[in-house]
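Residue numbers (this note's numbering), protein chains in the order written: chain A, 32 to 326; chain V, 953 to 1419.
Ideal Cβ placement from N, Cα and C applies to all residues, glycine included.
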Amino acid sequence: MANKNKEKKTASRSRNRKIGNAITYAILIIISIIWLFPFVGLVLQSFRSYASEYGGMVAYLMPKEFSLDNYTYLFSGDCSFVRWYLNTLIVAVCAAIFNTFMVLSVAYALSRLRFRGRTLLMQFWLILGMFPGFLTMICMYFLLQQFGLTQAGAIPGLVLVTVASSGMGYYVAKGFLDTMPKALDESARLDGASNARIAVTIILPLAKPIIIYTALTAFMAPWCDYVFASYVAFGYSKSYNVAVALQRWVWTNDYQGYFTRFCAGGVLVAIPVTILFLCLQKYYVEGVTGGAVKG
Amino acid sequence: MSKDNKSTAKKGTPLSGIGKGLREIGRTFTEGDWTAKLSFVIMGFGQLLHRQFLRGIIFLAIEIFFIYYMVTFGAVYISKLPTLGTSATYVDKSGNVPVTIYGDNSFLILLYGILSLFVLFAFLFLWRVNIRQNRQIYLLKKAGKALPTSRQDFRSLFTENFDKTLLALPNIGIFVFIVIPIIFMICIAFTNYDAQHQPPSNLFGWVGLENFKNLLSIGGSGFGSTFFTVLGWTLVWAFFATFLNYFLGMGVAILINKKGIRFKKLWRTILVMTIAIPQFVSLLYVYKLFANDGLVNAYLLKWGLIDSYIPFWSNVAIARVLIIVINLWVGIPPTMLMATGILMNIPEDLYESARIDGANAFQMFRSITLPYMLFVTGPYLLTAFTGNLNNFNVIFLLTQGNPLSMDLAGGAGYTDLLITWLYKLTVNDTNYRMAAVIGIMVFAVTAVISLVVYRLLPSVRDEEGFQ
C-alpha cells in the first residue's frame, strides 16, 4: 500500500496517503468484525427461545424469536448457577485481596531491600516456575484433603492454593518498583524511618497503578480456572465454579440442548468482568508494557 | 560472562563455608561458658540465661516440637522411605467376620517422609543458628557490649530484618504448595505409581529409571514415538503461536497508530475485549462455532460452498492449523497493547531522517521499527514462547487434544501439547509415574530453551549497547 509513496512527492503523496488510510480503515473494520463476531453470536444465541426453538446447535445465527428462557433457567431452582457464580466470585475477590498483598510483599522485599540470599531466592523461584503447574496437582489435592478442603470445602481450598503460591508472580510488580528512585527510601531512612514505615507511607501510595494491575489480574484469573477447580471439586457439583459447570454443558453429549444456556451463562460471566477490565484498562496496559520491557 | 563468574565463585564458598562453620561450632564449645556448652543439647539455654527470653523460648519450643514430631510421627516415615512400605492393606477373610488389616500406604510414606526430611534439615539449620547466637553472646560479652534484648529483636523485624517479615508468608505458602509437591512428583517419576499400584491396597515402590526408559523406547507399547510426536507438535505450536502473534500483533498496532487514522481508542478497545472476556466463554463458543454441526459449517453448506461439512476438529491437519489461527484471535490483542506502548517510544526523528533519505514505509519498518522492537521485547518473546509451550487453555478448550489415535500411547491426541497430555495422564489414566516423567521433560525443555535463548538475547548481552 505504501510502496507508491516512493514515486513522487507532494500531490501524489497526499493522494497516496488517502488511499493508504482507506485501506487501513478497511482492514481495521474487518478485524473488528472478526474479533467481535464471537461475542455478538454469544449474545444473540443466548436469547434464542429454549421452548419454541432448539437449545442445541442450529444452522442459523439470528434467533427466530427473542426470549429470556435461558436466563430464567439459570436463576431457577433447577440449576445451581447462582451458587457457581458466587463460588467464583468469592475466589476471585479473595484472590484479588490476598494475592495483591503477597505479591507486593515479595516484590517490595526483592526490589527495594538487600539481604543475604536474595538472588539465590530469585533463581530458585525462577527454576520452580519452569515446572508445569499440573505436576503438583495430585499432591496438592491430597494436602487439601487432609484439611477437609476438597469437594464440599473446595472453595476455601481453591482460595488457599491460589493465594499460597501467588508470591512467585512478582515479576511485573518488581519491575515497577525497580523504576522508583532509590533516593526516596534513602532520604526517609536518614530521617530515621524504619523499613516498614518507608514501605507503607512512601512506596505504597506511589505504587497504586501496580496494585490495581495485580488485583485486576488476580481477580480475572479464577473466572477461567478450570483444571484445578474441577479436580478439587470432583463430583461435588455445589463446589463447581462457573468455568467447570459451563464446560460440562458444552462437552457432554447429553447436554446438547444446553448450548444456548451456556451462552446465557457466558454472557452473565463476561459482562461484569469485561466492564471492570475496560474501566481499569489503563493500569493493565501499563503493566503489560512495563512488564514486557523489563522482561 | 557474569553468570560463569558467579557459578565458579559459588562452587568455592560452600566447601570452605562448611569448614569455617565447623571451626566456629568447635570454638563456641571450647571457648564458651557452661551455658553455651549446654545450649548444644538444650537449644536456647544460653539465650535464656542471658535474659534473651524471646530467642530462648522460641529455640526451646522448636526443639521440643522437633523431638515430639520425630518420635510420634516423622521417624517412622523416614525409616520406611527406602521401601515405600512392605505390607499392603488387605481384608482378612479367614475368620468368621472379614477384618481389614491396615498396612502401609506408599503415598503417605513418600509424602510424609519427604516432609520429615525437610523438618530434619530445618532443625539442623536452626540448631546451627542457635550455636551462632551463643557464639555472638560470648563475643559481645567479651567486648563488654550489651546483648540485644527481646524488644530490640522484635523491632528488628520491621527494620533491618523487614525482608524476613515480608517473605515469611509467601515462602511458607510456596514451600508447602509448590516445593513439597514438586519434590514429591519428581520422586514419583522413579516409582511405579499408576492405576495398578494404588495404595493402600496395592503399594508402589522404587523402580529406578524404568519410566524414563519407557518414555524413550520406540515401538511396542513404549511411550517413545508418542512422546516425540507430542513434543514435535508442542515446539511447532509454540513457534507459530509466538511469532505469528508477535508480528501480526505488531502489524495491527502499527495500523492503529498510523497517522491520520481516527478512533484509535475504539479499535483498541474492540481488540482488548478479548483479553477481558474469560477464555472459557469465548474459546468454548468458538469451538462450537467450528463443530461439525456448528455455524460455520451450517452457513458454508447453506451457501452451497461445500457439499458436506468440513471436519474442522477431527482432521489432524485442519485442527492444527485452525488452533494456530484461533490463537491469533487470542494472542494479537496483548501483543498489540504491548507494541503500542513501545512504538510510541521510538524517537520520531529517526523516521524523519529516514524519510528525507527517501526510505519507504517498508524499509523504515525493516531498519528502524523491527530492530527496536526485537531488542526491547526480547525477554517478552522468550516468556511468551515458554508460556506457549505450556498453553493449556487454548488447546484444552478448543480440542482437548483430539483427534485421538490408536497410534498414540497414553490417551494422547494429535493436538495434545506435553502439558495437556500430562493432564490427561493424571486425571483420565491415573498413570502418575508417566505423568511425572512428562512433567520433568516439560521442565527440561523449558529450562534448556530459556537458558540458550537468554544468553543469545542482545538486550542481555549488552544492555548499554543499543541506544
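Item: In chain V, what lies closer than 9 angstroms to glycine 198(A) by C-beta?; Value: Leu1119, Leu1121, Pro1122, Asn1123, Gly1125, Ile1126
Item: Evaluate isoleucine 1371(V) with the Cβ neighbour count: other Cβ atoms within 10 Å of its Cβ, from every protein chain shown; 16 or more gives buried, anything less gives exposed.; Value: buried
Item: Pair every Cβ in the region 91–109 of chain A with every Cβ in the region 252–265 of chain A, then say whether three or more of these pairs are closer than 8 angstroms.; Value: no
Item: Grab me the residues of threonine 181(A)'s own chain with a C-beta within less than 7 angstroms of its C-beta, minus the 5 sequence neighbours each way, in chain order.; Value: Tyr172, Leu175, Gly188, Val263
Item: Need the endpoints of the beta strand (DSSP E) that threonine 1372(V) sits in, please.; Value: Unbroken run through threonine 1372(V) is the alpha helix (DSSP H), 1370–1379; no beta strand (DSSP E).
Item: Considering threonine 942(V), what are the terminal residues of the alpha helix (DSSP H) in which it resides?; Value: Here chain V has residues from 953 to 1419 only, and residue 942(V) is not among them.
Item: Could you tell me which residues DSSP puts in a beta bridge with threonine 1143(V)?; Value: Trp1158(V)
Item: Which two residues bound the contiguous alpha helix (DSSP H) that contains valine 1394(V)?; Value: 1384–1408
Item: Does the Cβ-Cβ distance between methionine 1225(V) and phenylalanine 70(A) come in under 8 angstroms?; Value: yes
Item: Please name the residue in Phe106(A), Pro236(A), Val275(A) whose C-alpha comes closest to that of alanine 185(A).; Value: Val275(A)
Item: Examine the Cβ distances between the region 1023–1033 of chain V and the region 1087–1097 of chain V and report whether three or more of them are shorter than 8 angstroms.; Value: no
Item: Confirm, please, whether the CB-CB distance from alanine 204(A) to valine 316(A) is below 8 angstroms.; Value: no
Item: Within a Cβ cutoff of 8 angstroms, which residues of the same chain sit near leucine 1235(V), ignoring the five residues on either side of it in sequence?; Value: Ile1278, Val1282, Asn1345, Val1346, Leu1349, Leu1350
Item: Rounded to whole angstroms, how far is the Cβ of leucine 309(A) from the Cβ of threonine 1221(V), which I believe are closer than 8 angstroms?; Value: 7 angstroms
Item: So threonine 987(V) is in the alpha helix (DSSP H); what residue range does that whole segment cover?; Value: 986–991
Item: Residues in its own chain within less than 6 angstroms of leucine 1360(V) by CB, not counting five upstream and five downstream?; Value: Thr1178
Item: On the DSSP bridge list, what partners appear for valine 1043(V)?; Value: Thr1052(V)
Item: Please state whether DSSP places glycine 1184(V) in a helix, a strand or coil.; Value: helix
Item: Can you name the start and end residues of the alpha helix (DSSP H) that arginine 114(A) belongs to?; Value: 112–125
Item: What in chain A is Cβ-close to glutamine 1231(V), meaning under 7 angstroms?; Value: Cys255
Item: Which residues of the region 78–101 of chain A have a Cβ closer than 9 angstroms to any Cβ of chain V? Give them in chain order.; Value: Gly87, Met88, Val89, Ala90, Tyr91, Leu92
Item: Three-state secondary structure (DSSP) at arginine 79(A)?; Value: strand
Item: Check distances from the C-beta atoms of the region 1002–1029 of chain V to those of chain A and list, in chain order, the residues that come in under 9 angstroms.; Value: none
Item: Does any residue of chain V bring its CB to less than 8 angstroms from the CB of phenylalanine 70(A)?; Value: yes
Item: What are the residues in the region 1353–1370 of chain V lying within 7 angstroms of chain A by C-beta distance?; Value: none
Item: Note the first and the last residue of the continuous alpha helix (DSSP H) segment covering tryptophan 1255(V).; Value: Note, tryptophan 1255(V): premise wrong, no alpha helix (DSSP H); not H, not E.
Item: Are asparagine 1342(V) and valine 1394(V) closer than 8 angstroms when you measure CB to CB?; Value: yes
Item: Report the residues of the region 288–299 of chain A with a CB closer than 9 angstroms to any CB of chain V, ordered along the chain.; Value: Phe290, Phe293, Cys294, Gly296, Gly297, Val298
Item: May I have the straight-line CA-CA distance separating phenylalanine 1191(V) from leucine 1207(V), to the nearest angstrom?; Value: 24 angstroms
Item: Which same chain residues end up closer than 7 angstroms to valine 300(A) when comparing Cβ atoms and leaving out the 5 residues on each side of it in sequence?; Value: Trp254, Val273
Item: Find the residues of chain V that neighbour asparagine 52(A), judging by a C-beta separation of less than 8 angstroms, and give them in chain order.; Value: Lys1210, Gly1212, Ile1213
Item: For leucine 1247(V), tell me which candidate among Leu208(A), Arg149(A), Met93(A) has the shortest Cα-Cα distance.; Value: Met93(A)
Item: Spell out whether any CB of chain V is found under 8 angstroms from the CB atom of glycine 326(A).; Value: For glycine 326(A), the predicted model reports a pLDDT of 40, less than 50, meaning its position is unreliable and no value from the coordinates is stated.
Item: Cβ of threonine 1367(V) within 8 angstroms of Cβ of isoleucine 1275(V)?; Value: yes
Item: If we count Cβ pairs, one from each stretch, closer than 8 angstroms, do we get three or more for the region 1375–1391 of chain V versus the region 1144–1160 of chain V?; Value: yes
Item: Does DSSP classify phenylalanine 265(A) as helix, strand or coil?; Value: coil
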